[in-house]
Amino acid sequence: MPTLTRKEVEEIALLARLHLESDELERMQSELGVILDHFGTIAAIDATGIPAMTHAVAMDHAGPFVSLGVLRPDEPQPSLPVDEALRGTPKRDGDLIVVPAIIPGAKE
Amino acid sequence: MSRSVPQMLEDWEPVIGLEVHVQLATRTKAFSPSAVHFGEPPNSLTDPLVLGMPGTLPVFNKLALELALKLGVATSSKIRARSRFARKQYFYPDLPKGYQISQYDEPLCEHGHLDVLVGTTVKRVRLTRIHLEEDAGKNTHVGAVSHVDLNRAGVPLVEVVSEPELSSAEEAAEFMRSLHRLVRWLEISEADMEKGQLRCDANVSVRLRGEDRLGQRTELKNINSFRFVQNAVEHEIARQLRIVDDGGRIERETRLWDADAGQSAPMRSKEEANDYRYFPDPDLPPLVVDGSTMGTILHALPELPLPRFERYQTAGIARDDARTLISDRAMADYFDAACLAHPAGHAGHGGRTIANWMLTELLGALNTDGKDIRESPMAAETLSALVVLVEDGTISGKIGKEIFAESYKTGEAPLAIIDRRDVRQISDEPALWEIIDNVVKASPKQAEAYAAGKDGLFGFFVGAVMKATNSRANPVMTTDLLKKRLGR
Chain R
1 MPTLTRKEVE EIALLARLHL ESDELERMQS ELGVILDHFG TIAAIDATGI
51 PAMTHAVAMD HAGPFVSLGV LRPDEPQPSL PVDEALRGTP KRDGDLIVVP
101 AIIPGAKE
Chain U
1001 MSRSVPQMLE DWEPVIGLEV HVQLATRTKA FSPSAVHFGE PPNSLTDPLV
1051 LGMPGTLPVF NKLALELALK LGVATSSKIR ARSRFARKQY FYPDLPKGYQ
1101 ISQYDEPLCE HGHLDVLVGT TVKRVRLTRI HLEEDAGKNT HVGAVSHVDL
1151 NRAGVPLVEV VSEPELSSAE EAAEFMRSLH RLVRWLEISE ADMEKGQLRC
1201 DANVSVRLRG EDRLGQRTEL KNINSFRFVQ NAVEHEIARQ LRIVDDGGRI
1251 ERETRLWDAD AGQSAPMRSK EEANDYRYFP DPDLPPLVVD GSTMGTILHA
1301 LPELPLPRFE RYQTAGIARD DARTLISDRA MADYFDAACL AHPAGHAGHG
1351 GRTIANWMLT ELLGALNTDG KDIRESPMAA ETLSALVVLV EDGTISGKIG
1401 KEIFAESYKT GEAPLAIIDR RDVRQISDEP ALWEIIDNVV KASPKQAEAY
1451 AAGKDGLFGF FVGAVMKATN SRANPVMTTD LLKKRLGR
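Chains as they are written, first to last, in the working numbering: chain R, 1 to 108; chain U, 1001 to 1488.
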């Protein structure tokens, strides 16, 4: 019984907007399965009472490397020049970025 | 033959919840220092973070936090001392990072409420949460391609989520109006709906009256005006009623409101293939609100619109006038300043008379000039002084309107205009008696006819007295003395 079904891999590919051929789906199924199995091993450890770690450094206390509540003053800095900002853009129309048609309003 | 909407509403109850996005009035973006402006050339307000460049790190805007806290406090929300930013994954080119920074299971504010003026009552609507997030850029669809402008990407927003407690399209629109008024009152957003600074999604369902459980809901997106909220929700309620009243079932779906067509259409299910996979943003530390920040926010909080509405009514201001006065904080502040300059203050005659003059004469003149109350050429104290001059009988109400017009136009003090134009009301009894005596003597025939019962002639004498005094005769005294002089 594989950890991941082929259908699950297809769904993940859709969410990641990746087109995978049949042989690639198969490879991903086994490779992602191995990774998932590893998390299964970790999940088996009893972590009762230990808060989830969301940052690479301890976030519970301000310390030498972490200062909680760091905020930025609302002072504008110069924006990137348009040509600089769009330098990596494959296609542009004037100062607009051109992408393949997307459907309006599909996001929140 | 299906039943009419009012008939169906006897059995079915609509339930509406709103999610309103409000753009916070900051000068820079939520997580980077690029400027925020409307109407700048496309893609001129970006920086490496907005563009999703590797190696960039977000740092949150202090002012955005303070503005959101104001709203939290004004809605009596529970404020989290430590809230958290989360990543919401989605794949659209309007957010190049591939995710939106938002808040998920640890939002800044929860369990607040918004008081909404609906008709003649105040309805308290509970708020599930108010959380911080960043806006996306703007996509424009042009045939086979889409154009992307990232100027708006990263602009700080609060999302205000109500409990499903609104029960009509009108209530939904009033909720939006109340929130719009509140955020402008608190000066946390310009909330210009034409610029998309306040926009909402509506969750609509219907259930049999008396039922506790909510019906299947649909989500309406893309609503950016008070009128559209009302129309879109009304339309959706009617659509759902027709289905359930015929024994059908509502499909859970997201529908897009098309304001031009006046109807909504479902989005295809594939467009909804979203799986946001929220997780705490590892690039951002928890958002900490300390006691001194809260103290500053609480200290600076102004008196809110609804308490002011109640206060005005207690002082004897008519409900509709009170509602107009709180429509804008500058208006309410002007009114309060005028009352403060009046010897009677807000109470009794003072407040009512000032409200009358302000809402008819002043707003009328400002309207004609296309001006806002903030740009009023007449100071609140001047209006108050003019009202006092009418109240104490120095001038008549009719002359008062002329003095108002001149003072509004030239800025000259009302009393100076009155003296220059010599329009003080004649309220001195012997003086007025003498004038009336002369007027009656000059028209013996009419006096005789009146005495014989021709009542219509009384107006003739009033007119003659006004003409003789240049409209300065005290009208009440003129009536009394004329009756005395004419014998009835």
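Beta carbons are placed, not taken as given, at the ideal position from N, Cα and C, and that holds for glycine.
Q) Are U:Ala1074 and U:Val1289 closer than 7 Å when you measure CB to CB? A) A distance of 7 Å or more separates the beta carbons of U:Ala1074 and U:Val1289.
Q | Collapsed DSSP secondary structure at U:Glu1406 in the structure displayed | A | U:Glu1406: helix per DSSP, three-state reduction.
Q.
Run through the DSSP bridge pairs and tell me what U:Asn1061 is partnered with.
A. For U:Asn1061, which the question treats as bridged, DSSP gives the partners R:Arg72.
Q. Which residues share a DSSP beta bridge with U:Thr1121?
A. The partner list for U:Thr1121 (beta bridge, DSSP) reads U:Val1118.
Q: Report back the beta-carbon spacing between U:Leu1179 and U:Leu1114 to the nearest angstrom; my notes put them in contact at under 8 Å.
A: Right, their Cβ atoms sit about 6 Å apart.
(Q) Please tell me whether R:Leu20 and R:Ala13 are closer than 7 Å, where the distance is taken between their beta carbons. (A) Cβ atoms of R:Leu20 and R:Ala13: closer than 7 Å.
Q) Hey, U:Val1161 and U:Asp1135: beta-carbon distance below 7 Å or not? A) It is not a contact, given that the beta carbons lie outside the stated cut-off.
Q. Would you call U:Gln1023 buried or exposed, if buried means 16 or more other Cβ atoms sit within 10 Å of its Cβ?
A. Its Cβ being crowded by 16 or more others within 10 Å, U:Gln1023 is buried.
Q.
In the DSSP output, what is U:Ser1480 paired with across the bridge?
A. Reading off the sequence, residue 1480 of chain U comes out as Asp, not Ser. Note: U:Asp1480 sits in no beta bridge, so no partner.
Q. Using DSSP with H/G/I as helix, E/B as strand and the rest coil, what is U:Tyr1092?
A. U:Tyr1092: coil per DSSP, three-state reduction.
(Q) Please classify R:Ser30 as buried or exposed, where buried requires at least 16 other C-beta atoms within 10 Å of its C-beta. (A) Exposed, since its Cβ has fewer than 16 Cβ neighbours within 10 Å.
Q.
I want to see whether chain U comes within less than 7 Å of R:Val98, judged by CB atoms only; does it?
A. At least one beta carbon of chain U lies nearer than 7 Å to the beta carbon of R:Val98.
Q) Can you give the Cα-Cα distance for U:Arg1184 and U:Arg1352, rounded to whole angstroms? A) If you draw a straight line from the Cα of U:Arg1184 to the Cα of U:Arg1352, it is about 26 Å long.
Q: Counting only the same chain and skipping the five closest in sequence on each side, list residues whose C-beta sits under 6 Å from that of U:Glu1010.
A: Excluding sequence positions up to five before and after U:Glu1010, its CB lies less than 6 Å from no other CB in the same chain.
Q. Does the region 69-87 of chain R touch the region 1045-1053 of chain U, meaning 3 or more C-beta pairs lie closer than 8 Å?
A. As far as the Cβ criterion goes, the region 1045-1053 of chain U touches the region 69-87 of chain R, which means the pair count is three or higher.
Q. Which partner residues of U:Ala1473 appear in the DSSP bridge assignment?
A. Note: U:Ala1473 sits in a beta bridge opposite U:Ile1426.
**Q.** Collapsed DSSP secondary structure at U:Tyr1099 in the structure displayed
**A.** It is a strand residue.
Q.
Would R:Glu8 pass as an interface residue toward chain U - the criterion being a Cβ-Cβ separation below 7 Å?
A. Chain U, which has no Cβ nearer than 7 Å to the Cβ of R:Glu8, makes this no.
Q. For the region 1238-1263 of chain U, which residues have a beta carbon sitting closer than 7 Å to at least one beta carbon of chain R?
A. Per Cβ criterion, the list reads Leu1256.
**Q.** Rounded C-alpha distance that separates U:Met1358 from U:Met1008
**A.** In this structure, the alpha-carbon of U:Met1358 lies about 45 Å from that of U:Met1008.
Q) Which term fits U:Thr1026, buried or exposed, when burial requires 16 or more other beta carbons within 10 angstroms of its beta carbon? A) With at least 16 other beta carbons inside 10 angstroms of its own, U:Thr1026 counts as buried.
(Q) Using CA atoms only, rank isn't needed, just tell me which of U:Arg1217, U:Gly1262 and U:Phe1226 is closest to U:Glu1251. (A) Looking at the Cα atoms, U:Arg1217 is the closest of the given residues.
Q) So, do the region 1212-1232 of chain U and the region 1257-1268 of chain U have three or more beta carbon pairs nearer to each other than 8 Å? A) With a cut-off of 8 Å, the region 1257-1268 of chain U and the region 1212-1232 of chain U count as touching, because enough Cβ pairs lie within range.
Q) Under 7 Å between the Cβ atoms of U:Ala1068 and U:Val1158? A) Result yes, Cβ atoms of U:Ala1068 and U:Val1158 sit closer than 7 Å.
Q) For U:Thr1140, is the classification buried or exposed, using 16 other Cβ atoms within 10 angstroms of its Cβ as the cut-off for buried? A) Here U:Thr1140 is exposed. Its C-beta has fewer than 16 other C-beta atoms within 10 Å.
Q. By the criterion of Cβ-Cβ separation under 7 Å, what are the contact partners of R:Ala47 in chain U?
A. What R:Ala47 touches in chain U: nothing, since even the nearest Cβ is about 16 Å away.
Q. Roughly how far, in whole angstroms, is the beta-carbon of U:Arg1394 from the beta-carbon of U:Arg1424, given that I think they are within contact range, below 8 Å?
A. Note on identity: in this sequence residue 1394 of chain U is Thr, with Arg being the wrong assignment. About 6 Å separates the two Cβ atoms, so the contact holds.
Q.
For chain R, check one thing: does any of its Cβ atoms lie closer than 7 Å to the Cβ of U:Leu1306?
A. It does not; no Cβ of chain R falls within 7 Å.
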